[in-house]
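Chains as they are written, first to last, in the working numbering: chain L, 1 to 323; chain G, 1001 to 1413; chain W, 2001 to 2293.
Beta carbons: idealized from backbone N, C-alpha and C, even for Gly.
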Amino acid sequence: MRVNKYWSVAVLALLVLVLPRFVPSYAAFELTFVGAYAIGILGLVILTGTNGQISLGHGAFFGIGGYAVAILAQKLGVPFWASVPLAAIVSGILGLGLGLVALRLEGVYLALATFALAVATPSTLKHFKSLTGGSQGLAVPSLSPPGPLHGVITSEQWLYYVTWVIAGALFLLTSIALGGRLGRALRAIRDNEVAAISFGVNPQRYKTFAFGWSAAYAGIAGAIVAIATGFVSPDTYTVALSLALVTGAVLGGIDTLWGALLGGVIVEFLPLLVQKINPAAPSVVYGIALVLFMIFLPGGIARSIQAVIHPLRLRREIHHARS
Amino acid sequence: MHVRNRPLAATLAACFALSLGVGAFAPAAADEPGITPTEILLGGLHPYSGPASAYGAIGKGILAYFAYVNDKGGVNGRKITYKDLDDAYSPPQAVQLTKQLVEQDKVFAMFDTLGTPSNLAIRQYLNDNGVPQLYVATGASTWGSDGAKYPWTIGWQPDYQSEAIVYARYLLKEAPNAKIGVLMQNDDYGEDYLTGLKTGLGSKSGNIVKVATYEVTDASVASQVASLKAAGADTFFVFATPKFSIQALVAAAQQSWHPRTFFNSVSASATILGAATKAGGEDATKGLITTQYLKDPSEPSWADDAGMKQYREILAKYAPGADPNNGFFAYGVSIAFTMVDTLKRAGKNPTRKAVMDIANHLHETDNFLVLPGIVVETTPKDRFPIDQQRLARYDGTHFVPFGEIYAGRGRGR
Amino acid sequence: MNELAQQIVSGLATGSIYASMALALVLIYRSMGVINFAQGEMAMFSTYLAWQFAQQGMPLWIAFPLTIAIAFAGAVALERVVVRPVERAAPLTVVILCLGLLITFNGLAGWIWGYTVRTFPSPFPTTPLHIGSAAFSSQDLGIIAVSLLSLGAISLFFGKTKLGLAMRAAALYPESSRVLGVRVGWMLALGWGMAAAVGALSGLMVAPVVLLEPNMMQGILVYAFAAAVLGGIDSPVGAVVGGLALGVGLNLIGAYVPVIGTDLQLTTAFGIIIVILLFRPAGLFGRRTMRRV
Chain L
1 MRVNKYWSVA VLALLVLVLP RFVPSYAAFE LTFVGAYAIG ILGLVILTGT NGQISLGHGA
61 FFGIGGYAVA ILAQKLGVPF WASVPLAAIV SGILGLGLGL VALRLEGVYL ALATFALAVA
121 TPSTLKHFKS LTGGSQGLAV PSLSPPGPLH GVITSEQWLY YVTWVIAGAL FLLTSIALGG
181 RLGRALRAIR DNEVAAISFG VNPQRYKTFA FGWSAAYAGI AGAIVAIATG FVSPDTYTVA
241 LSLALVTGAV LGGIDTLWGA LLGGVIVEFL PLLVQKINPA APSVVYGIAL VLFMIFLPGG
301 IARSIQAVIH PLRLRREIHH ARS
Chain G
1001 MHVRNRPLAA TLAACFALSL GVGAFAPAAA DEPGITPTEI LLGGLHPYSG PASAYGAIGK
1061 GILAYFAYVN DKGGVNGRKI TYKDLDDAYS PPQAVQLTKQ LVEQDKVFAM FDTLGTPSNL
1121 AIRQYLNDNG VPQLYVATGA STWGSDGAKY PWTIGWQPDY QSEAIVYARY LLKEAPNAKI
1181 GVLMQNDDYG EDYLTGLKTG LGSKSGNIVK VATYEVTDAS VASQVASLKA AGADTFFVFA
1241 TPKFSIQALV AAAQQSWHPR TFFNSVSASA TILGAATKAG GEDATKGLIT TQYLKDPSEP
1301 SWADDAGMKQ YREILAKYAP GADPNNGFFA YGVSIAFTMV DTLKRAGKNP TRKAVMDIAN
1361 HLHETDNFLV LPGIVVETTP KDRFPIDQQR LARYDGTHFV PFGEIYAGRG RGR
Chain W
2001 MNELAQQIVS GLATGSIYAS MALALVLIYR SMGVINFAQG EMAMFSTYLA WQFAQQGMPL
2061 WIAFPLTIAI AFAGAVALER VVVRPVERAA PLTVVILCLG LLITFNGLAG WIWGYTVRTF
2121 PSPFPTTPLH IGSAAFSSQD LGIIAVSLLS LGAISLFFGK TKLGLAMRAA ALYPESSRVL
2181 GVRVGWMLAL GWGMAAAVGA LSGLMVAPVV LLEPNMMQGI LVYAFAAAVL GGIDSPVGAV
2241 VGGLALGVGL NLIGAYVPVI GTDLQLTTAF GIIIVILLFR PAGLFGRRTM RRV
């Protein structure tokens, strides 16, 4: 089974590496967004899937990441290799703050509070006009390939590779962290907080940390989206973004890493797909799809695929063991 | 090779040379993206979902007019196809869809892309790649004023700043010491209006005693109106979208506040004011001043106008079910007229550069939905196609135009 | 002084809009322990139905009750068909389901009726009324009156009727109630139906003021949440008091605290939600629940 996991990751990595050769530049551009959303949703996998805290407001951290990069670039001329980590740090710290507040909330109350955060984000961004440019927004300089690669690949392809390298690194990091003690503690808190305490796990620390960690990822994702778009404005970070992230996470599979990847694909391409199905009322199709998924496939796509593959694998192992 | 037949050889050589020459000078229509022998492909972005979806009607108006033109043979023998996508008013979506339209669908130009944030987001890319961003559907002034930096981008409607300048000029003549209260939507739309008002008032911008803002998520603006009244304003500027404009007028009437009121053109249709009258009584809307540049389809005095009749026929045939009284449809038809006009002038083999040139040298006098006397006109120095407007006063049922046609951005008129 | 009075009166008017929607939210919470994010859109959709009836010529005194009845029946059906499979699922699943309903109803309304802003017929005359120099409309008064009447009816129902008791039991102690013969599933459906009816009533009352369009309830929803949390998420009285207090409070802050002003109202609402949930989660009138280890 181990071998299978490494193989599938290797195939994926190869695919990511080679894809820009075969797809047009704008498609690589869209796949960059997939990568960014996947990173953001990975944060939700940590926070909600593994640790059980619902957040309907992660779009706010996207916004903080995006604006951090924009402001640092515009006002201080900070290059991206510095401003993206800074964006992660700022979002992470604010996430820790929210995490502290969230300690006192759970379930629907937390959903409600984070929903209100998401709704309030655009007007808060608009308010601090001198910093954020108000409703006019801020332009974000584009990311050009470094010297030696100039002319060999386009800016879009460079951004694509940078994004997926970051995504790969973060997924790897997360996989290791969640596979060990940290993951066990987070899961224990999710499944039965009271029992976890009796095992010596300090829920306050882990829950707050999970919030900060997931917010940092969302900040990175927001920074990438801002660089790709070349522009940030309050309208980019409406409640629709937060809801799309959670929806993508749940449809993909909220508690698996593959789910985060699928979630990225869903957030990016589902609206386009739905427009093709019914150009007159795409949101109706989208909404009904959500409802049906929650009734029939609440574990998301990743879990459903696993549910199919797992018995097959098991059967094969038993067969091997017998023979 | 032995050339036996000299005249034949000469002819062949001449043909060859000619074809080279022709190939070099004739704009290769086949090479120009979006142009095929039978079709011109244009791309567009409108919000068909989300809070700004009311503006989607503009896209529908455009499609109706293009269908009408196509039925009559198209433009110089080519049909116009308008690929209009939903960007949900989101800049990242706008950028991705634009790249798709330009690189996959290979549109000839972007036309009537809607919303200031989306247009700001795609402007750099389009200009970097020499793709015309024609007649954008927003009144932000930057499309015209930043023409030097972004030569491939051009607006169409009178920009909000110039509209406010027109109000300011009129007010300075009528009541130079008026105390002004402003209600504005808290975004670039409202801000542009306010900037224009201050510019137009010049040294008298101190006359503004209070500016109150509202958000589109607010349930009511009664509180803002109360603040303005309490600040002692006797002149009220409403820079709001239709829903909040109605609420503002009703609130003012309820609070027994009857200032001289100016009402921005986006919200100034007879339908909207009729709604305000129904909800707030006659007091709410009588004597309102606004500007106009298009004929308002909900205004009964245009009922017998040939242009208005043509508009209604087009909608009835090509957009059945659309409410012709909705001003957004009229906007769509009118701006599509300018687009078709531009393409026609580009001739048999339009190129992007040629079309952009024409857009910078417009002189359109026959747009059948634009008010008589207003000319859609540009020069390389003046890249605001429509900047003339007419003041009009609402008398309870109609808009009665008065005064002359103002040019908001002084072109000496 | 005049302005202060006007701000307060206008605040009560806007607050009553929040209160009427908050009542519906509280009802759902009491019956099922969930916060239905789709409540506003369902109310908006019902309001459009009423508008359609009025357009066909139906008099208001028939159209309104008919709409409320349809909202009730529709929500019961919705609960039995769509919500029932997830009744006992994780909170996140229910939240996403409600979001799906939100998106569906919003899209459906836009598809059927378009996005143009429309006026909505009101049973009340438009002449303004006055308290001193502060003005408001009879519509505003109507909203408050209807909210108070609904509040009274709801309190009576839960407090004094057998069915109300059964509903409360089903929500708090589903297993024990089942043993005692309470049809728990149908109690939940009834809760949805009642919440939708109250929501529809809210929509009918506020549409003349906020004007009819598919997105009319979206801003109000967040304020209604804040009102419900402020008043106590399981207290109908709290919903009304919370709504009125929120309306007045936001107006006063907007008018007299320039640092916050009118553009941070949503942020203030968010702040209120956070502060209340942190320090007094039961709100003003709610019941405090304790978790026993």
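Proximity to residue i [Cα-Cα], best of the options
i	options	result
G:I1374	G:S1298, G:Q1157, G:W1302, G:A1121	G:Q1157
L:P141	L:E106, L:L76, L:G179	L:L76
L:I266	L:V23, L:Y37, L:F22	L:Y37
L:A118	L:A167, L:A240, L:I254, L:L270	L:A240
G:I1405	G:S1220, G:R1390, G:N1367	G:R1390
W:M2187	W:L2097, W:I2273, W:R2084	W:R2084
W:A2121	W:Y2048, W:L2012, W:G2238, W:G2181	The displayed chain sequence assigns Pro, not Ala, to residue 2121 of chain W. Minimum Cα distance to W:P2121 is reached at W:Y2048.
W:I2260	L:K126, L:R322, L:I301	L:K126
W:L2151	W:L2172, W:M2194, W:T2126, W:V2117	W:M2194
W:G2181	W:L2163, W:F2270, W:Y2223, W:T2262	W:L2163
G:Y1089	G:G1044, G:K1083, G:I1080, G:N1076	G:G1044
L:L273	G:K1060, G:D1086, G:L1197	G:D1086
Three-state class that DSSP yields for residue i in the structure shown
i	result
W:V2009	helix
L:L312	helix
W:F2037	coil
L:L260	Here residue 260 of chain L turns out to be Ala, not Leu, going by the sequence shown. Three-state DSSP puts L:A260 in a helix.
G:A1379	Reading off the sequence shown, one finds Thr at residue 1379 of chain G, where the question assumed Ala. Reduced to three states, the DSSP call for G:T1379 is strand.
L:H58	coil
G:E1039	strand
W:S2020	helix
G:M1110	strand
G:G1403	strand
G:K1079	strand
G:K1149	coil
G:Q1157	coil
L:S25	helix
W:S2202	helix
G:L1085	strand
G:A1392	strand
G:F1368	coil
Whole-angstrom C-beta distance between residue j and residue i, which should lie under 8 Å
i	j	result
L:A244	L:G259	Going by Cβ atoms, the distance from L:A244 to L:G259 rounds to 15 Å, so no, they are not a contact pair.
G:Y1065	G:F1263	At roughly 28 Å, the Cβ-Cβ gap does not stay under 8 Å, so G:Y1065 and G:F1263 are not in contact.
W:L2246	W:G2015	6 Å
L:L290	W:G2110	That pair is no contact at about 17 Å.
L:D191	L:V45	With 8 Å as the limit, L:D191 and L:V45 do not qualify as a contact, their Cβ atoms being about 16 Å apart.
Proximal chain W residues relative to residue i, where beta-carbon distance stays under 9 Å
i	result
G:G1281	T2126, T2127, P2128
G:N1326	G2114, T2116
G:Y1135	Here the premise fails: no neighbours, minimum Cβ distance about 22 Å.
Contacts of residue i in chain G (Cβ-Cβ under 8 Å)
i	result
L:A240	G1050, A1088, S1090
W:Y2223	A1219
W:A2013	S1220, A1222
L:V225	P1092
Contact set between residue i and chain G, taken where Cβ atoms lie within less than 9 Å
i	result
W:I2260	Ordered by position in chain G, no residue passes the 9 Å Cβ test against W:I2260, which lies about 12 Å from the chain.
L:V162	In chain order: nothing, as chain G lies at least about 17 Å away.
Contact list for residue i against chain L, beta-carbon separation under 7 Å
i	result
G:L1120	G137, F231
G:Q955	Examination of residue 955 of chain G is not possible in this model, given that chain G is present from 1001 through 1413 alone.
Residues that residue i contacts on chain W, provided the C-beta gap is smaller than 7 Å
i	result
L:G107	P2091
G:A1336	Result: empty, since nearest Cβ-Cβ is about 20 Å, beyond 7 Å.
Amino acids of chain L, ordered along the chain, whose beta-carbon sits closer than 9 Å to that of residue i
i	result
G:V1095	F29, A228, T229, G230, F231
Partner residues on chain G for residue i, Cβ-Cβ distance less than 7 Å
i	result
L:Y26	K1099, Q1100, E1103, Q1104
Chain-ordered neighbours of residue i on chain L, where CB pairs are closer than 8 Å
i	result
W:V2086	M294, I295, P298
Under 8 Å by beta carbon: chain W residues contacting residue i
i	result
G:T1213	G2261, T2262, D2263
(Q) Give the list of continuous beta strand (DSSP E) stretches no shorter than 3 residues that lie fully inside the segment 2237-2275 of chain W. (A) Along the length of the segment 2237-2275 of chain W, whole beta strand (DSSP E) runs at least 3 residues long do not occur.
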